[in-house]
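Its first residue numbered 1, the sequence shown is counted upward by one per residue in UniProt numbering. The beta carbon of each residue, even a glycine, is placed where N, CA and C say it ideally should be. All of these numbers come straight from a predicted model, not from anything done at the bench.
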Amino acid sequence: MALATVRAAGRADAVALSDLQIEIWRTAFADLLPAALLSGLAADPSPHRQAWRDKIDAGDVVLLALEGATPVGLATGRTDPADPDTGEIEVLGVLPRWGRRGHGGRLLAETGRLLAGRGAVRGRWWIPARDVVSATFLAAAGWTADGTTRALDADGRPLVEVRYGGGLAFTVW
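Written out as structure tokens, the structure reads:
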């Protein structure tokens with residue numbers, strides 16, 4: 001079995017990050033996101049790749065989970081300028097075929113550690129309301145939904161998200 005690790009991502013990882021996120025969306029969230037959106041990202045990923053470079057350049061927490069040398073997951077987070085005590089997990093995902101191997105837990109723990117190092121004392125993460133896998137994952141980490149929802153425009157289709165929150169110290173499981 002290959003060594004599983006999490007490391008900070010750099011600009012050179014933008015292609016891998018973009019490709020990973022698109023593949024996670026395509027395989028884990030195909031029922032939530034319009035096919036046209038996913039095929040458009042796959043057809044011309046250059047703006048998406050640039051968005052990842054911009055996140056890295058902005059100093060956001062950007063992490064890659066690896067199985068050996070293979071990128072299998074990613075996470076991003078930042079502190080909220082309007083509420084510096086809160087660390088926002090913006091993205092956290094693992095390719096479904098690499099699930100149940102601890103990659104998500106390691107990503108969550110490292111993101112929490114880095115956000116706490118920036119002064120955050122609590123975290124939040126918005127997940128799709130129909131995402132049972134992430135809701136179960138967050139419950140296992142001790143996070144709970146606070147009852148707040150929002151609707152995003154996913155290329156003309158509403159995507160309802162639920163806000164979860166909790167502490168930033170995690171035990172890797």
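- Residue environment analysis places Gln50 among the exposed positions, since fewer than 16 neighbouring C-beta atoms fall within 10 angstroms of its C-beta.
- In the DSSP assignment, the residues bridged to Gly165 are Arg124 and Thr144.
- Collapsing the DSSP output to three states places Leu95 in coil.
- For Leu66, there is no enclosing alpha helix (DSSP H); the residue is part of the beta strand (DSSP E) that begins and ends at Val61 to Glu67.
- Thr70: member of the beta strand (DSSP E) spanning Thr70 to Asp80, first to last residue.
- The three-state reading of DSSP puts Thr171 in coil, since its state is none of H, G, I, E or B.
- Excluding its 5 nearest sequence neighbours in each direction, Arg53 has C-beta neighbours in its own chain below 6 Å: Arg11 and Ala14, listed in chain order.
- Each of Asp80, Thr79, Asp31 and Thr171 was checked against the Cα of Arg130, and the nearest Cα belongs to Asp31.
- For the options Ile127, Gly147 and Thr144, the alpha carbon positioned closest to that of Ala28 is the one of Ile127.
- Contact between Val160 and Thr148 does not hold, since their C-beta atoms are separated by about 11 Å, which reaches or exceeds 8 Å.
- Per the C-alpha coordinates, the member of Gly119, Val162, Asp153 and Thr111 positioned closest to Val132 is Val162.
- Following the DSSP letters along the chain, one finds Arg101 in no beta strand (DSSP E), marked with neither H nor E.
- In the pairwise beta carbon analysis, the stretch 63-71 is classified as not touching the stretch 80-90: fewer than three pairs are separated by under 8 Å.
- For Thr136, the number of other beta carbons within 10 angstroms of its own is below 16, and it is reported as exposed.
- For Arg7, the uninterrupted beta strand (DSSP E) segment begins and ends at Ala4 to Ala8.
- At least 8 Å separates the beta-carbon of Ala4 from that of Arg157.
- Looking from the CA of Trp25, the closest CA among Asp60, Arg7, Val61 and Leu74 belongs to Leu74.
- Counting only the Cα atoms, Thr171 lies some 35 Å from Leu41.
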